[in-house]
Amino acid sequence: MTGGYLIDTHVWLWYGLENPRLKVPAREAIERAVKAGGLAVSIMSLWEISLLESKGQIILGMSAEEWLVEALKLPNLVVLPLELSIILNAHRLPGNFHADPADRLIVATARHQRLALITDDRKILDYARQGHLRAHATGDKELLST
Numbered sequence: 242m243t244g245g246y247l248i249d250t251h252v253w254l255w256y257g258l259e260n261p262r263l264k265v266p267a268r269e270a271i272e273r274a275v276k277a278g279g280l281a282v283s284i285m286s287l288w289e290i291s292l293l294e295s296k297g298q299i300i301l302g303m304s305a306e307e308w309l310v311e312a313l314k315l316p317n318l319v320v321l322p323l324e325l326s327i328i329l330n331a332h333r334l335p336g337n338f339h340a341d342p343a344d345r346l347i348v349a350t351a352r353h354q355r356l357a358l359i360t361d362d363r364k365i366l367d368y369a370r371q372g373h374l375r376a377h378a379t380g381d382k383e384l385l386s387t
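Count the sequence shown with our numbering and you get residues 242 to 387, in order.
Below, the structure written as structure tokens:
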């Protein structure tokens with residue numbers, strides 16, 4: 242998959258739960274990407290959601306399994322698998338990036354697939370400013386024109 246967006250775990254949650262923390266530029270970009278067939282999530286996001294729900298760190302209003310089954314019905318949403326090259330590159334990311342394994346795998350997936358990542362994770366956005374990743378905060382006005 243080339244072109245389009247990979248959405249970070251929290252962005253997918255905000256979109257699926259209609260959370261007002263998801264700003265208009267990101268919501269509109271996601272909706273355009275759904276129509277164009279250019280929206281993806283990493284398989285790691287499914288794992289993260291399941292883990293967070295099991296620890297009581299997020300409330301979905303249903304089990305993680307039920308939420309994921311419903312969320313995966315979004316038309317044209319692509320779940321990107323972990324490929325060997327992504328796994329190997331996740332621990333060899335250029336520049337300075339923090340050690341969270343899920344974030345590293347999501348970033349490595351975006352880089353491998355040449356997708357822009359939509360996130361509000363400050364550490365990921367700081368990493369993108371180093372020039373190693375295309376990323377947008379959810380309020381980034383550039384999302385309105387892409």
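Ideal placement from N, C-alpha and C gives every residue a C-beta, glycine not left out.
Predicted, not measured: the structure shown is a model, and the values here were computed from it.
query	result
Let me know if Val265 comes out buried or exposed under the rule of 16 or more other beta-carbons within 10 Å of its beta-carbon.	exposed
For the candidate residues His251, Asn260, Ala267, whose alpha-carbon lies nearest to that of Thr379?	Ala267
Just to confirm my understanding: we take Leu315, look at its own chain, exclude 5 residues before and 5 after, and list those with CB closer than 7 Å. What are they?	Val275
Among residues of its own chain, excluding the 5 on either side of Asn317, which ones have a beta-carbon nearer than 7 Å to its beta-carbon?	Val275, Gly278, Leu280
At which residues does the alpha helix (DSSP H) containing Ala357 begin and terminate?	Looking at the DSSP string, Ala357 is not in any alpha helix (DSSP H); the run it does join, the beta strand (DSSP E), is 357-359.
Thinking Leu366 and Ala376 are a contact (beta carbons under 8 Å), I'd like their distance in whole angstroms, please.	6 Å
How is the beta strand (DSSP E) around Ala281 delimited, first residue to last?	280-283
Put Ile328 into one of helix, strand or coil per three-state DSSP.	helix
Please state the DSSP three-state secondary structure of His373.	helix
Are His373 and Leu334 touching if we call contact CB-CB under 8 Å?	yes
Under 8 Å by Cβ, that's how I've got Gln371 and Asn337 pegged, so tell me the actual separation to the nearest angstrom.	7 Å
Roughly how many whole angstroms lie between the Cα atoms of Val320 and Arg262?	23 Å
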